[in-house]
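Participant: Note that this note's numbering numbers the sequence shown so that position 75 is 243, with each residue one more than the last. Quick reminder that beta carbons are idealized off the backbone N, C-alpha and C, glycines included. Predicted model only: the values in this text are computed from it and were never measured.
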Amino acid sequence: IHSSSSRSTMAEMRQRGQAADAPKMESKQGDGDAAAAATADGAEGEQKKLHVGRGSKTPDRCRRFLLSTPFKILVLTLVIVVPSYGLMSFAPIALPVLGIEGILQVPIYLIGIWLTVQFIYNFAMSQFTDPGSTMSVKPTYEAIGQYEMVFADDADRGPLTQVDSGEPLLYAPNWCDHCAHWKPPRAHHCSFCRRCTLRMDHHCPFTGNCIGYRNHGHFVLMYTFAILGLAYALALCSLVIYTYPHRKAKIEGSQTVAEMLGVRMVFNTKWMQGTAGMMFSFVMHLLAKTNAQIAIFTVLVIIALVAVLSFGIPALICAGTNTTVLEQAFPMKEFVQIKSSVYCPLGSGFYNRGSLENFRQLLGPNWRWRLLLPTRGGRPDLEVAIAPRPSLAGRDALANRIKEVTEEGVKQQVKNCQELGINPGPDAMSGGVV
C-alpha cells in the first residue's frame, strides 16, 4: 500500500470533471494496423517530442519494413510451407503406405485441410487485425483520467468502495506522454507501433503486430490449431516411418533415400552421443528407412512443433489465466486508488475468472463458431478492455487490503505518485509528503 499527496479528493474530482456511469467510447475506431518488435511503456517519462522524432532504437527504415504489408505477406508465405507440403507431397505417398486407399483417404484429407485453413486464417488475422486503439475511449472521470473499477454481479459480494468515503474504487491515472491521451487499465504504449493498445498482451515480431483486445483471440486460436495440426502430422509421420519398411516392397517405385542415392548407411555409435548425436542418428535412420518426401516432412514437422510449443504453451497459459505477457514480465505495475492519495498494486491473477471464462472473453460471443470455422465470431465485449472484472479471489484480496488500511493505516509513503510509476497527467499536482 502506497500513499501519495499528488491527487485530489473525490469531491474535487467531481468539481473538476463530470462523472459518467461507465467509460465513454467515441464513435471513431482504432486507427490503422499495428506492427513491429518493441517494448511497452519503456520510455513514457520522456518528452513526447523525443518519441515522435525516433520512437525506438531500431532504425526507422527497418521499423517501417517490419510494419509493412510485404513483410507480413513474406512471413505468412513461410508459415504456409509446412502444411502445404504435407497436403501436396507427403499425404499422397503416406496414405498408401498405411494401406489407406480411395474414399478412405477423404476424412484424413478433410481433417488436414480444416486444421490448415484454421491456422492460416487466424495467423493472417493476427497480422492484419487492428488490436485496438486507446484513442477511441475516454475515462469515467475524464478530467483526471481515472477509470472506475467494475465488479461482477455477485449476490454474496457487492462492489468495493474507498476507505471512509464510500466512493467507488478507481484505477490510478495513466497518462501517455507520447499519445497525449489517458490509458485504460491493462493498456500500454508500444514504442514501435507508436501508439497505445487496448488490453495489450505483447508485441509479436513474428506476426508484425501488437497482440491486444481485438486480435488476441485470433492469436490464441493460431497457436491452438498450429499445435493440433503439427501433432496430427507427427502422428501420421510416426505411423508411416514404422510401416514403410514393411510395405515398401508392395509399393511400386518406392525407394529409401539411401537406395535412391546408391549409398549404404553405416552407423557409428561414437557419433551418436548427446542431443546432437541423437538428432543426427534420427535423421540418418530416416534417410535409411524412408523416402525423401517422408524424411523432409518429418524433419520440418519436428522443427516447427518445437518452435510452436516453445512460444505457444506460455502464450496459452497466459491466456488461460487472464494474464498478459506484459503483466507477467512486469508484475505489480498497475494500481487502484482505495483512498484519497492511497494506491494499492494489483497482483498476478487479479483478473483470472477461470480458464473457460477467460478464453470466452478473448474469443467473443460466438466463440463456438470460431472453434469450428475460420470466422471472426463477433468482436469481444469492449468492457474486457476498459472495465475488466476482477476475479473473486482478486476482489477478496483487495477487500483485505482495504480492511488493512482502515484498521492499521498506510505502511509505506512516497513523495508523489510518480515514484510508483503512475503518470497523473500534465496538469496534476506533484508536491508534498503525506
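Mind checking whether Leu514 and Phe503 have CB atoms under 8 Å apart?
Facilitator: Cβ distance < 8 Å, so Leu514 and Phe503 count as in contact.
Participant: Just the Cα atoms here: how many angstroms apart are Trp537 and Val305?
Facilitator: 29 Å
Participant: Return the first residue and the last residue of the alpha helix (DSSP H) that Phe479 is part of.
Facilitator: Ala460 to Gly488
Participant: Following a CB-centred definition, is Pro373 positioned closer than 7 Å to any heavy atom of the ligand MN?
Facilitator: The ligand MN is not among the ligands present in this structure, which contains no ligands whatsoever.
Participant: According to the neighbour-count rule (16 or more other Cβ atoms, all chains shown, within 10 Å of its Cβ), is Leu531 buried or exposed?
Facilitator: A residue is called buried when at least 16 other Cβ atoms come within 10 angstroms of its Cβ; Leu531 meets this threshold and is buried.
Participant: Report the rounded CA-to-CA distance for Ile268 versus Ala401, giving the unit in angstroms.
Facilitator: 16 Å
Participant: Can you tell which of Tyr391, Met500 and Arg382 has the C-alpha that lies nearest to the C-alpha of Ile481?
Facilitator: Tyr391
Participant: Consult DSSP for Ser509 and reduce its assignment to one of helix, strand or coil.
Facilitator: coil
Participant: Does DSSP put Asn342 in a helix, a strand or coil?
Facilitator: DSSP places Asn342 in strand when its eight states are reduced to three.
Participant: Mind listing, in chain order, the continuous beta strand (DSSP E) runs of no fewer than 3 residues lying wholly within the region 511-562?
Facilitator: none
Participant: Count the other CB atoms, across all protein chains shown, that sit within 10 Å of the CB of Cys230; report buried if there are 16 or more and exposed otherwise.
Facilitator: exposed
Participant: Indicate whether the contact test is met: 3 or more Cβ pairs, each with one atom in the region 308-325 and one in the region 573-580, closer than 8 Å.
Facilitator: no
Participant: Using DSSP bridges, identify the partner residues of Gln314.
Facilitator: Tyr309
Participant: For the beta strand (DSSP E) that Thr365 lies in, which residues bound it at each end?
Facilitator: For Thr365, the enclosing beta strand (DSSP E) stretches over residues Arg363 to Thr365.
Participant: Go ahead and label Gly213 buried or exposed: buried means 16 or more other beta carbons lie within 10 angstroms of its beta carbon, across all protein chains shown.
Facilitator: Note that Gly213 scores a pLDDT of 40, beneath 50, so its modelled location is shaky and nothing firm can be said.
Participant: Who are Phe503's beta bridge partners in DSSP?
Facilitator: Pro513
Participant: How far does the alpha helix (DSSP H) with Asn290 in it reach, from first residue to last?
Facilitator: Gln273 to Phe296
Participant: Rounded to the nearest angstrom, what separates Thr302 and Pro352 at their Cα positions?
Facilitator: 7 Å
Participant: Just the Cα atoms here: how many angstroms apart are Val578 and Lys507?
Facilitator: In this model, Val578 and Lys507 are separated by some 10 Å (Cα to Cα).
Participant: Using CA coordinates, which residue listed in Asn290, Tyr381, Ile464 and Ala262 is at the minimum distance from Val552?
Facilitator: Tyr381
Participant: Quick one: measure Cβ to Cβ for Phe287 and Gly376, integer angstroms, because I've assumed they're closer than 8 Å.
Facilitator: About 17 Å separates the two Cβ atoms, so there is no contact after all.
Participant: Going along the chain, which residues of its own chain have a beta-carbon closer than 8 Å to the beta-carbon of Cys344, five neighbours each way excluded?
Facilitator: Glu212, Thr302, Trp350, Lys351, His357, Cys364 and Asn591
Participant: Suppose the cutoff is 7 Å on Cβ atoms and the five residues either side in sequence are ignored; what does the same chain contact list for Gly593 look like?
Facilitator: Within the same chain, Gly593 has close Cβ partners Gly313, Pro341 and Trp343.
Participant: Taking only three categories from DSSP, how would you classify Thr491?
Facilitator: coil
Participant: What did DSSP end up calling Thr375 once you bin it into helix, strand or coil?
Facilitator: coil
Participant: Could you check the C-alpha separation between Arg367 and Lys240 for me, to the nearest Å?
Facilitator: Distance between the alpha carbons of Arg367 and Lys240 is about 23 Å.
Participant: Does DSSP classify Gln586 as helix, strand or coil?
Facilitator: helix
Participant: When you compare the region 557-568 with the region 511-526, are there three or more beta-carbon pairs, one atom per stretch, that lie closer than 8 Å?
Facilitator: yes
Participant: DSSP on Lys196, reduced to helix/strand/coil?
Facilitator: For Lys196, the pLDDT reaches just 38, beneath the cut-off of 50, and the residue's location in the model is therefore unreliable, although a value from the coordinates is still provided. Looking at Lys196 - three-state DSSP - the assignment turns out to be coil, as it is neither helix nor strand.
Participant: Taking all protein chains shown into account, decide if Val510 is buried (16 or more other Cβ within 10 angstroms of its Cβ) or exposed.
Facilitator: buried
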